[in-house]
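Engineer: Pasting a structure here, questions to come.
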Amino acid sequence: MRKSAFSKIMLPLLALLLLCAPKAKAEGEYAWPANYDGVMLQGFYWDSFKESKWTVLQANAAELSSYFNLIWVPNAGKSSANPSMGYDPVYWFSNFNSSFGNEAELRSMISTFKQFGTGIIEDVVVNHRNGATNWYDFPAETYNGKTYKLGLDAICKNDELANQTGMPQPTGAYDTGDNFDGCRDLDHTNPAVQEAVKAYLDFLKNDLGFTGWRYDMVKGYGAEYTKIYNESAKASYSVGEYWDNYDKTTSWIDRTGRTSAAFDFEFKWALNAAFPGMNFSKLVWKRNGSLNQPAGIIHMDTYQRYAVTFVDNHDTYKESDKMFTGDIEAANAFMLCSPGTPCVFYKHWLDKKDAIKKLIAIRKSVGLTNQCTVNVLETTNNRYVAEVTGNNGKLLIKIGRGSYDPSAKGYSTSDKVAGNALYSIWTKVAIKNLESQVAQLSFSPDGGTYVGGVKVTMDVANAKDFNNPEVVYTTDGSIPSLTNGTHAAPGTTLDISTNTKLKAVVVADGKVVSGVKEANYITSIEPVEIYVEKPESWNSINIYAWVSEQITSAWPGDAMTETATVDGKTMYYHNFGTQYPEISIIFNNGTAQTADISEVGYGKHYFRLNSDTGKSISVTEFKPQSSVASVTGGELVVYPNPATDVINVKSDKGVASVEVYTLSGAKVAESDTDAVSVASLQNGMYIYSATFADGTKVRGKFLKK
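Read the sequence shown against this note's numbering and you will find it ends at 1247, with the numbers running on by one and no gaps.
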């Protein structure tokens, strides 16, 4: 057919326009990878403030990264409560002093895991937010030169704030999802909210270094906003907490444009139904009404990619009617031998580590992915049997009581690679040792008390397995990494002559290849002395301290009344003696408080509290510019030091009396003047306490020789 002049001109032009047009986003490009072979860890449980600290996770990075590709951690921003799991967020950009650590520790943890090839998933809470000092005063924060400040128009008009006497009225639109009554529900229809959330996610990904996120309470706002946020941030890993049934959850996935995965709650409820009552037919659903498949979102092949499976999480584990109460090892075996991306619960990992390690090694060795093929061979009340195909071979899994003969599927008893009384797994695939490439770092001696000093050798038992390995160590309390610390060859010996916390990792070929090893070396036993500069707005300050139990008075602790001047500023002082090598403390004024400050060891420690208002106060530890302590009103002079017969304590304030104590707190000498005899004392370190004419006191240490 003869082309018209229009065709000759317009068709080539249309073709050019199509070539130049931006590419349409492929389905799920910013969601969760297809055929993903990774395993995820939820790195916390409710109130795991000690176990999930950034420093603790980082110290175990080598071990965790051998098994987990992704680790989901709590919201890292400062929250309104203290302590807090992060579900009452206040700050998005500027304050990361959380109950799990500070910003420097957070960045170091993320960086260390990244060196091991493991991504960190942030718990993102954008459904709701708290004010800095009241219900609604969201802080102004700046990122990339732009300041984000949300006002009353960012709060949904049907939020609880609207019903509070004497409170201003929120002016946002009606909520597009479920209400959350613990904080202010954000109006996601508001462009200012959308821009702030998009900037927040960009900050998490491109500044802090998170690999992706888990969205908290996505039922609280329309799914279309998750689509907007993920397409802006281009997240490789996004998973939403949509706590509902199969139809509603898959509908949410679709309404996000498949830009996010979702947790498979139906999978979890199937486990809860099957195991305690020993009815394993509950583990199976029918795909399209006929094909038996593992229960949950994962039963449908079109959604397996977007399903993150779990046995328990922080919410279900703390509620008796939702917590999994069956065989934890068998339930994890079922999860790790099924489609979907398995998310191991941290408490289960800590309690059943060896068994779960083996199960993860089996999954990775066989090459199972989130879209692996399952052929269910048997489903009865008594038993579930299935053959699962991965990229590297197949495995056979049996869940249920009693024996099972695997020979019908070509497996022998020698092919069994894992099991207990309730499950068995067979495969002909060789199971990998996932920890074979972790450097074995040692200290000799491995910590302890060595008065006068000690030589410590740092060595790597399997150094020959690595190319030019080095030990990177620190003695200032910071975390060693590729870019922080002193590099030394394996076998290096250090002379340690002061109280030191030694931390080290092994690096090779530009990567960290060991966990962080640390040990404390005590060369002189000095009392734990705390100095703190309180905020000007505080009329008083208390210190609460504990080891395994409290060592001060009950909350809010002991009032801090003694003062000293350090670097020209008044600081409050407390001496805990030498009974405890390491303590944890909280500063407070009865209302506002700091987060937990842990690993406070022998010696002097100086802290500065910021002037934040509200109930949560951030704290900074610092080293004073001068080691000369002076009392308010004049310099304190102590001489001679070391002392042989008499110690003199002089000040222009006038010294009324002096007392001398052992490091354990026993009084051994006193005087009603500014000089006290110490001739009868044994050689060693002592504490003096000087009382001035105005009744104030100051303490310090001296050496008797």
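C-beta: ideal position from N, C-alpha, C; glycine also.
Can you name, in chain order, every residue of its own chain whose Cβ lies under 7 Å from the Cβ of LYS1192, other than the five neighbours on each side?
Structural biologist: Translated into positions along the sequence shown, residue 1192 becomes position 650. Excluding positions up to five away in sequence, the list reads VAL1179 and ASP1216.
Engineer: Determine the DSSP secondary structure at ALA777, reduced to helix, strand or coil.
Structural biologist: Here residue 777 is taken as the residue at index 235 of the sequence shown, counted from 1. It is coil, neither helix nor strand.
Engineer: Kindly list the residues whose CB is nearer than 6 Å to the CB of ASN577, restricted to its own chain and excluding five residues on each side of it in sequence; keep chain order.
Structural biologist: As a position in the sequence shown, residue 577 is number 35, starting the count at 1. Cβ within range, chain order: THR911 and GLN913.
Engineer: Please go through the region 840–892 and give each complete alpha helix (DSSP H) segment of 4 or more residues, from N-terminal end onward.
Structural biologist: If we require 4 residues or more, the alpha helix (DSSP H) runs fully inside the region 840–892 come out as 856–859 and 870–878.
Engineer: Starting from VAL826, trace the beta strand (DSSP E) both ways and give me its first and last residue.
Structural biologist: Counted from its first residue, the sequence shown places residue 826 at position 284. Unbroken beta strand (DSSP E) run through VAL826: 826–829.
Engineer: Is DSSP giving ILE898 helix, strand or coil here?
Structural biologist: Here residue 898 refers to the residue found at position 356 of the sequence shown. Correct three-state label for ILE898: helix.
Engineer: Can you give the beta carbon distance from VAL1161 to PHE1118, rounded, assuming they're within the 8 Å contact cut?
Structural biologist: Residue mapping note: residue 1161 aligns to position 619 of the sequence shown, counting from 1. Residue mapping note: residue 1118 aligns to position 576 of the sequence shown, counting from 1. Rounded, the Cβ-Cβ distance is 17 Å, inconsistent with contact.
Engineer: Determine the extent of the alpha helix (DSSP H) in which LYS657 is found, giving its start and end residues.
Structural biologist: If you number the sequence shown from 1, residue 657 lands on position 115. For the record, residue 657 in the displayed sequence is Gln; it is not Lys. Here the alpha helix (DSSP H) through GLN657 covers 645–657.
Engineer: In angstroms, rounded to a whole number, what distance separates the CA positions of TYR1230 and MET1113?
Structural biologist: For the purposes of this step, residue 1230 is identified with residue 688 of the sequence shown, where counting begins at 1. For the purposes of this step, residue 1113 is identified with residue 571 of the sequence shown, where counting begins at 1. Roughly 18 Å separates the two Cα atoms.
Engineer: Taking only three categories from DSSP, how would you classify ILE1127?
Structural biologist: Translated into positions along the sequence shown, residue 1127 becomes position 585. Strand.
Engineer: Using only the alpha-carbon positions, how far apart do GLU861 and GLY819 sit?
Structural biologist: Residue 861 sits at position 319 when you count from the first residue of the sequence shown. Residue 819 sits at position 277 when you count from the first residue of the sequence shown. Between GLU861 and GLY819, the C-alpha separation is close to 19 Å.
Engineer: What do you get for GLU1212, buried or exposed, if any count of 16 or more other CB atoms within 10 angstroms of its CB means buried?
Structural biologist: The residue given as residue 1212 occupies position 670 in the sequence shown. Exposed is the call here.
Engineer: For my contact list, TRP614 and GLN657 are in at a C-beta cut-off of 8 Å; report their separation, rounded to the angstrom.
Structural biologist: Mapped onto the sequence shown, residue 614 falls at position 72. Mapped onto the sequence shown, residue 657 falls at position 115. Contact doesn't hold; Cβ gap of about 19 Å is too wide.
Engineer: Which of helix, strand or coil does DSSP assign to PRO1182?
Structural biologist: Taking the sequence shown and counting its residues from 1, one reaches residue 1182 at position 640. Residue state, collapsed to three classes: coil.
Engineer: Take GLY782 and list the residues in its own chain whose beta-carbon comes closer than 6 Å to its own, dropping the five residues that flank it on each side.
Structural biologist: By one-based count along the sequence shown, residue 782 stands at place 240. The answer, listed in chain order, is TYR757, VAL760, SER802 and ALA804.
Engineer: My output table needs one value for PHE591: the three-state DSSP class, helix, strand or coil.
Structural biologist: The residue you call residue 591 lines up with position 49 of the sequence shown. Coil at PHE591, not helix or strand.
Engineer: Report all residues from its chain with a CB closer than 8 Å to the CB of LYS565; omit the five preceding and five following residues, and keep chain order.
Structural biologist: For the purposes of this step, residue 565 is taken as the residue at position 23 of the sequence shown. Residue confidence for LYS565 is low, a pLDDT of 43 falling below 50, so the modelled location carries little weight and cannot support an answer.
Engineer: So which of PRO1032, VAL1089, ALA1185 and SER780 has the shortest CA-CA distance to SER986?
Structural biologist: The sequence position of residue 986 within the sequence shown is 444, counting from 1. Comparing Cα-Cα distances from SER986 to each of PRO1032, VAL1089, ALA1185 and SER780, the minimum goes to PRO1032.
Engineer: If you count every other CB in all the chains shown that lies within 10 Å of the CB of PRO554, and 16 or more means buried, which is it?
Structural biologist: For the purposes of this step, residue 554 is taken as the residue at position 12 of the sequence shown. Low local confidence applies: a pLDDT of 44 at PRO554 is under 50, so the model's placement there is unreliable, with the coordinate-based value given in what follows. PRO554 should be labelled exposed.
Engineer: Measure the alpha-carbon distance for TYR953 versus ASN924 and round it to whole angstroms.
Structural biologist: As a working mapping, residue 953 is identified with position 411 in the sequence shown. As a working mapping, residue 924 is identified with position 382 in the sequence shown. Looking at the backbone, the Cα of TYR953 and that of ASN924 are separated by about 21 Å.
Engineer: Per DSSP, what kind of secondary structure is GLU783 in: helix, strand or coil?
Structural biologist: Your numbering for residue 783 matches position 241 in the sequence shown. Shown here, GLU783 sits in coil according to DSSP, grouped into three states, outside any helix or strand.
Engineer: Specify the secondary structure class of ARG943 as computed by DSSP and reduced to three states.
Structural biologist: The residue you call residue 943 lines up with position 401 of the sequence shown. Coil, per DSSP.
Engineer: Should SER549 go down as buried or exposed, given a rule of 16 or more other Cβ atoms within 10 Å for buried?
Structural biologist: One-based indexing of the sequence shown puts residue 549 at position 7. Only weak support is given to the placement of SER549: the predicted model assigns it a pLDDT of 41, under 50, and the value that follows is read from those uncertain coordinates. Answer is exposed; the Cβ neighbour count stays below 16.
Engineer: Considering only the alpha carbon of each residue, which of THR844, ASN1190 and PHE822 lies closest to ASN830?
Structural biologist: Locating residue 830 in the sequence shown gives position 288, where the first residue counts as 1. It is THR844.
Engineer: Out of ASP749, SER626, SER636 and ILE652, which has the shortest C-alpha to C-alpha gap to VAL1252?
Structural biologist: Here the chain covers residues 543 to 1247 and nothing more, so residue 1252 does not appear.
Engineer: With burial defined as no fewer than 16 other Cβ atoms inside 10 Å of the residue's Cβ, what is the status of ALA1221: buried or exposed?
Structural biologist: What you label residue 1221 is simply residue 679 of the sequence shown in a count that begins at 1. Its Cβ having fewer than 16 others within 10 Å, ALA1221 is exposed.
Engineer: Quick one, are the C-beta atoms of ASN669 and LEU728 less than 8 Å apart?
Structural biologist: Mapped onto the sequence shown, residue 669 falls at position 127. Mapped onto the sequence shown, residue 728 falls at position 186. Going by C-beta atoms, ASN669 is nearer than 8 Å to LEU728.
Engineer: Our contact map puts SER1056 next to VAL1047 with C-beta atoms below 8 Å; I'd like the distance itself, whole angstroms only.
Structural biologist: Here residue 1056 is taken as the residue at index 514 of the sequence shown, counted from 1. Here residue 1047 is taken as the residue at index 505 of the sequence shown, counted from 1. Confirmed, Cβ separation roughly 5 Å.
Engineer: Closest to PRO1077 by CA distance: which of VAL1014, ARG1150 and LEU1044 is it?
Structural biologist: For the purposes of this step, residue 1077 is taken as residue 535 along the sequence shown, with counting starting at 1. The candidate whose alpha carbon is nearest that of PRO1077 is ARG1150.
Engineer: Roughly how many angstroms separate the alpha carbons of ILE839 and TYR848, rounded to a whole number?
Structural biologist: Reading the sequence shown from its first residue, position 297 is the one you call residue 839. Reading the sequence shown from its first residue, position 306 is the one you call residue 848. Whole-angstrom Cα-Cα distance: 8 Å.
Engineer: Under a three-way DSSP split, which group does TYR1086 fall into?
Structural biologist: Along the sequence shown, one-based indexing puts residue 1086 at 544. Note: TYR1086 maps to strand in three-state DSSP.
Engineer: Mark TRP794 as exposed unless 16 or more other C-beta atoms lie within 10 angstroms of its C-beta, in which case mark it buried.
Structural biologist: Looking up residue 794 in the sequence shown gives position 252. TRP794 is buried by the Cβ-count criterion.
Engineer: To the nearest angstrom, report how far apart GLU871 and LYS889 are at their CA atoms.
Structural biologist: Your numbering for residue 871 matches position 329 in the sequence shown. Your numbering for residue 889 matches position 347 in the sequence shown. Between GLU871 and LYS889, the C-alpha separation is close to 12 Å.
Engineer: Buried or exposed for LYS1045, please, with buried defined as at least 16 other CB atoms from any protein chain shown within 10 angstroms of its CB.
Structural biologist: Translated into positions along the sequence shown, residue 1045 becomes position 503. Result: buried.
Engineer: Expressed to the nearest angstrom, what Euclidean distance is found between the alpha-carbon atoms of GLY917 and ILE973?
Structural biologist: Taking the sequence shown and counting its residues from 1, one reaches residue 917 at position 375. Taking the sequence shown and counting its residues from 1, one reaches residue 973 at position 431. According to the sequence as given, residue 917 is Asn; it is not Gly. Spanning the two alpha carbons is a distance of roughly 22 Å.
Engineer: In whole angstroms, what is the alpha-carbon distance linking VAL1210 and THR1204?
Structural biologist: Counting from one through the sequence shown, the residue named residue 1210 turns up at place 668. Counting from one through the sequence shown, the residue named residue 1204 turns up at place 662. VAL1210 and THR1204: Cα-Cα distance of roughly 7 Å.
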